[in-house]
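Just add 2 to wherever you are in the sequence shown, counting from 1, and you've got our numbering.
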Amino acid sequence: MERYPLIADHGLVGDLQTTALVSAEGVVDWFAAPRFDSPSVFAALLDHDRGGYFRLSPEHPEDTRKQLYYPDTAVLVTRFMSPDGVGEVVDWMPPDRTNRPTDRHTLVRLVRAVRGRVRFTLECRPRFDYGRAAHELRLVPEGASFHAPGIAAHLQSTFPLEREGDDVRGEVVLNAGESAVAVLTVCGPDGEAPAPLELGAFHERMWEVGEFWQAWVRTSHYRGRWPDMVNRSAITLKLLTYSPTGAPIAAATMGLPEQVGGERNWDYRYSWVRDGSLSVRALLDLGFVEEAARFTKWLGDRMHDLADSPGERLQIMYRVDGDPNLTEEILGHLEGYRGSYPVRAGNAAADQLQLDIYGEAMYALAEGQELGVQSGYHGWKGLARTVDWLADTWDRPDEGIWETRGGRQNFTYSRVMCWVALDRALHLAREYSRPADTSRWTAARDAILEQVMEQGWSETEQALVQHYDGDVLDASLLLIPRLRFIAPRSPGWLNTLDAMERKLVSDSLVYRYDPAASPDGLRGSEGTFSLCTFLYVDALARAGRLRQARYTFEKMHTYANHVGLFAEEIGPSGEQLGNFPQAFTHLALIMAATTLDEALDRQQRRG
Numbered sequence: 003m004e005r006y007p008l009i010a011d012h013g014l015v016g017d018l019q020t021t022a023l024v025s026a027e028g029v030v031d032w033f034a035a036p037r038f039d040s041p042s043v044f045a046a047l048l049d050h051d052r053g054g055y056f057r058l059s060p061e062h063p064e065d066t067r068k069q070l071y072y073p074d075t076a077v078l079v080t081r082f083m084s085p086d087g088v089g090e091v092v093d094w095m096p097p098d099r100t101n102r103p104t105d106r107h108t109l110v111r112l113v114r115a116v117r118g119r120v121r122f123t124l125e126c127r128p129r130f131d132y133g134r135a136a137h138e139l140r141l142v143p144e145g146a147s148f149h150a151p152g153i154a155a156h157l158q159s160t161f162p163l164e165r166e167g168d169d170v171r172g173e174v175v176l177n178a179g180e181s182a183v184a185v186l187t188v189c190g191p192d193g194e195a196p197a198p199l200e201l202g203a204f205h206e207r208m209w210e211v212g213e214f215w216q217a218w219v220r221t222s223h224y225r226g227r228w229p230d231m232v233n234r235s236a237i238t239l240k241l242l243t244y245s246p247t248g249a250p251i252a253a254a255t256m257g258l259p260e261q262v263g264g265e266r267n268w269d270y271r272y273s274w275v276r277d278g279s280l281s282v283r284a285l286l287d288l289g290f291v292e293e294a295a296r297f298t299k300w301l302g303d304r305m306h307d308l309a310d311s312p313g314e315r316l317q318i319m320y321r322v323d324g325d326p327n328l329t330e331e332i333l334g335h336l337e338g339y340r341g342s343y344p345v346r347a348g349n350a351a352a353d354q355l356q357l358d359i360y361g362e363a364m365y366a367l368a369e370g371q372e373l374g375v376q377s378g379y380h381g382w383k384g385l386a387r388t389v390d391w392l393a394d395t396w397d398r399p400d401e402g403i404w405e406t407r408g409g410r411q412n413f414t415y416s417r418v419m420c421w422v423a424l425d426r427a428l429h430l431a432r433e434y435s436r437p438a439d440t441s442r443w444t445a446a447r448d449a450i451l452e453q454v455m456e457q458g459w460s461e462t463e464q465a466l467v468q469h470y471d472g473d474v475l476d477a478s479l480l481l482i483p484r485l486r487f488i489a490p491r492s493p494g495w496l497n498t499l500d501a502m503e504r505k506l507v508s509d510s511l512v513y514r515y516d517p518a519a520s521p522d523g524l525r526g527s528e529g530t531f532s533l534c535t536f537l538y539v540d541a542l543a544r545a546g547r548l549r550q551a552r553y554t555f556e557k558m559h560t561y562a563n564h565v566g567l568f569a570e571e572i573g574p575s576g577e578q579l580g581n582f583p584q585a586f587t588h589l590a591l592i593m594a595a596t597t598l599d600e601a602l603d604r605q606q607r608r609g
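This is the structure we're talking about:
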């Protein structure tokens, strides 16, 4: 087992309430339970010695390894090929179909010999509560159970296990056609032990899980040029969505660095208003109406929570159940991925002022209204009070979309999104004949547009820029043609695209901004932002630059990992960096694919 595999060297499995990462070595080195944002059970990715892991793989380090998904599923296969034989580990988690929170989650690891003779080794070393809680091991006839404060884990196996300290180890030799299984069930401390294993039943269950995912993908409306990438992105978004509430998280992990050895190591296991709101349009474009509607309801509930607050009416992120408490702490006992310290749990950025979230929220709610997800009279009144408040309070500096810690500025993107909030609210009031102070909203909306075009424009760069007090370019502005703030082929916008190409684009990959030119309060640097590259494709396609858009889009596919997943960033050597996989990147891939498909189809029809 390598001490720290590459971030990209993993596949993702999950049950719609939590997820696990499985490396191409057959090691589960990240798993939190009972929810995405719970303390970890396995976290070797953040500390090889203290984090804990669950390995199931052949012994030979010289084995050739290949990892893949069964097509259009979240069933992951890790294949090991050696002179002695070919073996596979098939990982999955039975998906939640109840939409009810549960503390019981199951990871199934089916091993089999495809050819020859293969010896598999199992090591299970849980380290509960991010490695801070000791556990008690009990060997039982069918395996072992681990007990720590507030949680238990039951490991069942069709082959013998033996104690190794407070952990377990086992071996099984399989000939071609033979299989075995190891099943880890995590539950509350008083939860019932799982039913006895029946090996034959797990082959059937594997196909049932595969059919669940394939049936879901078949409901997609996508018929474009890149079905494999779009379907994988859709499955990833669903894996990263908490089924009881419909709230998506930003990424499956915490603490994975934007720069190896650096301090930009954040916890992304929460629901950002921004990410989720933009996912609504992407999900609707694919035909996933139920998922879009459920998030829209969750978002409406969050707006209702603070509709009469004297302060801000939304927080930028929440826990998946809507809890706004995301207190950040440093886990000082963990060394971090390849020494990338500190490791943070929780996220202090939740307390930042980011005015763009009001625009993203209204954008999503407007899409929801068109779905028929209407809020009713009292819901509308609460929404209108928030828009009234925004009409009076939009003209403030904030921390901006990228959650930098370098102080507040008059960020152009934040102003644009306040314009979106007022514009979409006006549309809803008129479309559905709702009571509203439309003259007040119109005046505020128009004042924002004039301010942005006058103060957000840089004569030096001949482009819209990050904030009013500088000439720094910012890739967040790539969204604004999609939001109808500016025409996608207007001279000012085309100039802005050209300026971004000069300053932010490196061989088709796009940086968020230049931290040297716009200090963000953090040491170190970062790679290109995969989200921004897909937003660049979307903007190029809308601008009619189709050859460049397609080249950029298809080149970006080559930076996906071996199973089609993207982390947050691409580093200088083409390596994936940051939390993994990142939902916003896969969301933006879907947006770019549908926009580019439509533009290419129009071009073909014109001949």
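Backbone N, C-alpha and C define an ideal beta-carbon position, used for all residues, glycine too.
From a predicted model like this one, the values you see are computed outputs, not experimental measurements.
C-beta atoms of residue i and residue j nearer than 8 Å
| i | j | result |
| --- | --- | --- |
| F536 | Y513 | no |
| Q261 | E528 | yes |
| P191 | Q158 | no |
| T100 | E61 | no |
| L589 | S281 | yes |
| Y55 | V30 | yes |
| V77 | E90 | no |
| L258 | N563 | no |
| F148 | P128 | yes |
| D17 | H107 | yes |
| Q19 | P36 | yes |
| P312 | Y320 | no |
| L598 | A543 | yes |
| R340 | Y6 | yes |
| E577 | L8 | yes |
| D400 | R410 | yes |
| A386 | A449 | no |
| W421 | R447 | yes |
| L288 | A249 | no |
| V170 | A150 | no |
| Y626 | L333 | Outside the modelled stretch of the chain, which goes from 3 to 609, sits residue 626, for which no answer is possible. |
| S279 | Y360 | no |
| A247 | G324 | It should be noted that the sequence gives Thr, not Ala, for residue 247. Closer than 8 Å, so yes. |
Per DSSP, cross-strand counterpart(s) of residue i
| i | result |
| --- | --- |
| W404 | Answer is none; W404 lacks a bridge partner. |
| S508 | L511 |
| M256 | D269 |
| P103 | Looking at the DSSP assignment, P103 forms no beta bridge with any residue, so it has no partner. |
| P250 | T243 |
| A115 | G89 |
| A284 | Answer is none; A284 lacks a bridge partner. |
| A449 | Answer is none; A449 lacks a bridge partner. |
| M83 | T66, V88 |
| V29 | R57 |
C-alpha gap between residue i and residue j, whole angstroms
| i | j | result |
| --- | --- | --- |
| L139 | V15 | 26 Å |
| D500 | L466 | 11 Å |
| E463 | I488 | 18 Å |
| A182 | V92 | 11 Å |
| L511 | V120 | 42 Å |
| R613 | G202 | In the structure as shown, the chain starts at 3 and stops at 609, and residue 613 therefore has no counterpart that could be examined. |
| A22 | G263 | 24 Å |
| L199 | R207 | 12 Å |
| V142 | N177 | 27 Å |
| Q354 | E405 | 7 Å |
| I482 | V418 | 8 Å |
| S478 | N412 | 14 Å |
| W396 | T329 | 27 Å |
| L70 | Q468 | 40 Å |
| R491 | A115 | 57 Å |
| A363 | E27 | 41 Å |
Candidates the options, of which the one nearest residue i by Cα
| i | options | result |
| --- | --- | --- |
| G87 | G118, R67, L176 | G118 |
| E571 | R266, V211, G28, L242 | R266 |
| G370 | A446, A427, Y71 | A427 |
| A217 | R387, P574, G381, P73 | P73 |
| E331 | Y343, E452, R102 | Y343 |
| I153 | G193, D269, E173 | G193 |
| A351 | Y272, G167, A46 | Y272 |
| Where are the beta strand (DSSP E) runs, 3 residues long or more, that stay fully inside the region 297-376, in chain order? | none
_If we require 3 or more residues per run, which beta strand (DSSP E) segments fall completely within the region 411-446?_
none
Length at least 4, wholly inside the region 126-177: the alpha helix (DSSP H) runs in chain order | 130-133
Practice task
Quick one: which unbroken alpha helix (DSSP H) runs of 4-plus residues sit fully inside the region 535-606? Chain order, please.
Solution key: 548-559
Taking only runs that begin and end inside the region 32-72, name each unbroken beta strand (DSSP E) of 3 or more residues, in chain order. 42-44, 55-60, 66-71
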